[in-house]
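Comments concern the structure below.
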Amino acid sequence: MQNRRDFLKSIAAAAAGAGVAGRFAYDVLAQGAAGGRRQISIGGKRIRVIDAHAHLSIRAVSDVVKGTPFERNGNAAANQVIGPDRIKAMDALGIDMAVLTQQGAWWYGVPDRDLARAIVRTMNEGTAAVVKQYPDRFVGMAAFPIQFPDLAAEALEDGVKRLGLKGGGISAGFIPDKEFSAPEYDVFWAKAQELGVLLFMHPGGDTGAEAHLRGKGNLGNTIGNPLETTIFLSHLIYEGTLDKFPGVKICCAHAGGFLPSYMGRTDGACVRQPDACSSKKRPVDEYFKTQIMADSMIFRDDGLRHMIAEMGVGQIVYGTDMPFPWPINPDTILNNRLLNNAEKEAILGGNLVKLLKLSPTATA
Amino acid sequence: MQNRRDFFKTIAGAAAGAYVAGRQLPALAQRGGGGGRGGAAAVPPGPRKQISIGGKRVTVIDVHSHCTVDGVAEVVKGTPFERQAGGRALGADRIALIDSEGIDIQVLTINGYWWWEVQDRDLANRIVRAQNEGLARWVSDHKDRFVALSSVSLQFPELAAEQLDYGVKQLGLRGATIGGHVNGQSLSDPKFDPFWAKANELGVIVFMHPGGADNIIKEDAWKARGDIGNIIGNPLETTYFLTRLIFDGTFDKFPNLKVCGAHGGGYLPSYFQRTEVACDVRGNAMCANKKHPREYLRTNIMADTMVLTDEGLRHLVAEMGISQVVYGTDNPLNWPVPVEMIVNHSTLTNDQKIQILSGNLMKLLRINTAATA
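Same order as they appear, the protein sequences are chains A and B. Quick note on this note's numbering: the first sequence kicks off at 609 and runs consecutively. Quick note on this note's numbering: the second sequence kicks off at 127 and runs consecutively.
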């Protein structure tokens with residue numbers, strides 16, 4: 609296995625770059641300083657805007673990994689520690705609520721069970737504390753140590769039942785030397801299905817392709833992130849994991865990687881080579897219409913229209929990648945000339961109210 | 127550097143492509159149900175299908191097909207490349223195939239690019255000469271049904287430029303075909319500028335076909351169901367290739383280029399947004415491109431229609447513009463890409479269908495319309 613890219617390092621570079629390049633237009637945290645809370649309406653009706661894709665870091669993790677080889681990984685990224693700056697940024701954009709997930713995936717490489725358990729426990733208790741502090745602005749997703757499938761199931765259950773988290777955050781498309789579709793992870797998928805909670809998947813930078821994605825264009829991110837998600841989902845589809853666990857629902861970051869936008873080739877493989885599809889029971893679009901969701905980070909009017917045509921509008925949820933700078937202002941959804949009001953409302957919040965089983969009136 | 131995988135081994139791995147029920151994927155019955163010749167379509171000679179739109183006969187050009195030609199095997203005999211010269215030689219079955227599929231003119235290319243590993247310049251030149259002369263012979267014998275693109279020895283960029291010039295001017299070839307990398311090197315590297323300059327000068331199409339992204343992903347990473355080395359690897363290699371040409375400024379240096387990416391241009395046109403904004407939002411993007419990435423997508427970059435679904439094609443056209451999308455089949459391999467996907471498309475206008483089926487390529491490939499009347 610190759611080492612994961614240093615997630616925190618890339619975060620720092622992105623944060624610095626936003627200012628250095630003078631491109632504040634997309635710098636959500638800088639925008640946050642501007643003013644009061646924006647309230648978004650569609651057709652005269654106030655709607656609740658929920659962001660499915662928001663990062664957080666928990667400072668207390670550094671204490672847990674102190675003196676271990678993971679000491680540097682445990683340092684929280686300052687712009688991901690939730691506080692007044694994040695609230696201001698959300699206020700400025702008109703985001704009523706954000707779904708927080710812990711990303712970076714470095715703890716998937718922790719070989720010690722007790723340490724792994726302690727890390728995610730601290731993460732999840734920290735996330736729960738943030739939610740408790742801002743109950744009408746955040747919900748949280750549980751982190752888990754997937755390298756120990758039984759512990760992962762336990763952490764997910766603990767996060768949901770004891771800490772009130774709304775689901776789980778998958779923090780990479782890979783497990784060291786393994787795929788999520790390997791049968792040993794069935795215990796985790798079974799738990800997610802039993803709990804009936806949403807999983808949010810975010811790539812973690814380990815496709816083995818990073819060495820070749822250097823150069824201009826920040827390709828490790830531009831191509832590497834959707835690639836990792838594409839490989840992750842392809843395995844879950846082709847290996848039959850989603851058929852084995854039809855109650856599992858996974859929302860994937862960055863418009864779900866390449867597949868929702870380029871779906872044809874997946875079933876094309878079955879026409880050419882039936883053996884390739886021996887474990888897959890359904891046509892590819894059915895997985896995307898039922899079990900796989902995607903955030904709205906497609907930025908383009910026709911891109912979003914295309915995703916809706918392929919997946920159904922009920923599978924697409926607003927996402928910002930906060931605190932990172934991307935063109936994710938809710939106006940990109942509100943002003944999409946190809947969507948109707950019902951579709952805009954579903955994407956901006958309606959779908960997540962249902963998926964996360966939120967009270968529909970909480971922010972009225 | 128990793129070795130390029132054996133292109134025709136990969137093709138042979140396609141097994142007998144018997145039809146499997148899939149959603150809107152069209153049946154392959156008109157290809158005799160697949161099977162035969164290791165997954166290649168094989169059809170008996172039969173009547174030639176003629177395509178009309180709105181009652182008017184329309185010429186159909188297929189930009190994406192594979193073949194090998196006689197004469198290369200002798201050149202590489204006794205060299206380490208002896209085994210790689212084989213593959214799908216052109217023959218009467220190819221004509222039966224395009225007849226059955228309603229293809230009037232097929233653009234022939236030799237793919238796999240194993241000859242880019244040849245370090246002996248003279249041998250490299252002789253291989254490409256044999257390929258191009260073989261293509262020219264076939265085209266000369268079937269003038270109204272085929273055109274061909276030049277192979278080039280891109281590991282020797284100056285030589286590649288000469289070969290393209292000779293192929294176009296002396297052999298009547300209509301452009302060049304290339305892979306996504308030269309032994310791991312990005313084609314945006316300035317060392318390849320002589321080749322791009324020649325294509326730019328001649329104003330010919332460059333058709334790019336990937337080989338499973340062996341420049342990006344290790345082969346053992348693809349061991350899984352779904353043939354994902356092809357299913358993901360191919361569009362990945364094309365995405366990376368085109369993205370580098372954009373960000374490294376190659377299209378700015380050579381603004382006349384028309385580079386057609388196989389399989390719908392990979393992921394790039396269908397999932398363009400991340401590339402579109404990278405220079406603005408990623409502090410470490412270091413972009414060299416002078417124009418907005420979308421401008422290259424709508425001028426320099428072309429794509430074949432192999433996104434395989436009606437909605438995917440609608441989206442491809444919406445993102446690239448109708449002038450950039452051209453019909454491609456991957457012939458003789460069994461992909462569900464019948465011409466009816468274009469002819470019966472649910473949202474394209476008749477004019478748009480005609481552009482895709484041949485209008486966009488007529489001038490670029492210098493095809494005389496009278497020839498196919």
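Cβ coordinates follow ideal geometry from the N, Cα and C atoms, glycine included. Note that the coordinates shown come from a computational prediction; the quantities given were computed from them, not determined experimentally.
Residue 373 of chain B reaches chain A at 824, 825, counting residues in chain order whose Cβ is nearer than 7 Å.
Excluding its 5 nearest sequence neighbours in each direction, residue 849 of chain A has C-beta neighbours in its own chain below 6 Å: 789, listed in chain order.
The closest CA to that of residue 773 of chain A, considering only A/798, A/761, A/732, A/794, is found on A/732. Listed along the chain, the chain A residues whose CB falls inside 7 Å of the CB of residue 235 of chain B amount to none; the nearest CB is some 19 Å away.
Counting other Cβ atoms within 10 Å of its Cβ, residue 710 of chain A reaches 16 or more and is therefore classed as buried.
Against chain A, the beta carbon of residue 358 of chain B has neighbours under 7 Å at 838, 839, 842, listed in chain order. Put simply, the backbone Cα of residue 702 of chain A is about 23 Å away from that of residue 406 of chain B. A residue is called buried when at least 16 other Cβ atoms come within 10 angstroms of its Cβ; residue 809 of chain A meets this threshold and is buried. In the DSSP assignment, residue 457 of chain B forms a beta bridge with B/191. Boundaries cannot be given for residue 666 of chain A, as no alpha helix (DSSP H) includes it and DSSP labels it neither H nor E. In this structure, the beta-carbon distance from residue 760 of chain A to residue 753 of chain A falls below 8 Å. For residue 937 of chain A, no Cβ of chain B is located within less than 8 Å of the residue's own Cβ.
Using a Cβ-Cβ cut-off of 8 Å, residue 926 of chain A is close to nothing in chain B; its nearest Cβ partner there is about 15 Å away. Judged by their CB atoms, residue 795 of chain A and residue 851 of chain A are not nearer to each other than the 8 Å cut-off. Counting every other CB atom within 10 Å of its CB across the protein chains shown gives residue 412 of chain B a total below 16, marking it as exposed. When the beta-carbon positions are compared, residue 431 of chain B and residue 419 of chain B stay at least 8 Å from each other.
In the DSSP assignment, residue 385 of chain B falls within the beta strand (DSSP E) that extends over 384-387. Within 10 angstroms of the beta-carbon of residue 200 of chain B lie fewer than 16 other beta-carbons, which makes it exposed. In this chain, residue 416 of chain B is not harboured by any beta strand (DSSP E), its DSSP state being neither H nor E. Ranked by how close their Cα comes to the Cα of residue 325 of chain B, the residues B/288, B/399, B/359, B/445 have B/288 in first place. When the beta-carbon positions are compared, residue 306 of chain B and residue 363 of chain B come within less than 8 Å of each other. If you look at residue 371 of chain B, you'll find it isn't in any beta strand (DSSP E); it sits in the alpha helix (DSSP H) that goes 359-373. The beta-carbon of residue 386 of chain B is placed no less than 8 Å from the nearest beta-carbon of chain A. By the Cβ neighbour-count rule, residue 312 of chain B is buried, with 16 or more other Cβ atoms within 10 Å of its own.
The Cβ of residue 423 of chain B sits no closer than 8 Å to any Cβ of chain A. Non-local beta-carbon contacts of residue 370 of chain B in its own chain, meaning distances under 6 Å to residues more than five positions away in sequence, involve 312, 314 in chain order. In the structure shown, residue 401 of chain B falls within a helical segment according to DSSP collapsed to helix, strand and coil. With the rule of 3 Cβ pairs closer than 8 Å, the segment 214-228 of chain B does not count as touching the segment 273-293 of chain B. Put simply, of A/745, A/952, A/944 the residue whose alpha carbon is nearest the alpha carbon of residue 697 of chain A is A/745. Close partners of residue 311 of chain B in chain A (Cβ separation under 9 Å) are lacking, with about 11 Å as the shortest Cβ gap. Within 7 Å of the CB of residue 365 of chain B, the CB atoms of chain A belong to 831, in sequence order along the chain. Residue range 721-741 is occupied by the alpha helix (DSSP H) that includes residue 727 of chain A. Residue state for residue 318 of chain B is assigned as helix, using DSSP reduced to three classes. By the CB criterion at 8 Å, residue 768 of chain A and residue 805 of chain A fall inside the cutoff. Listed in chain order, the positions of the segment 908-923 of chain A with a beta carbon within less than 8 Å of a beta carbon of chain B are 908, 910, 911, 913, 914, 917, 918. Between residue 461 of chain B and chain A, the shortest Cβ-Cβ separation is below 8 Å.
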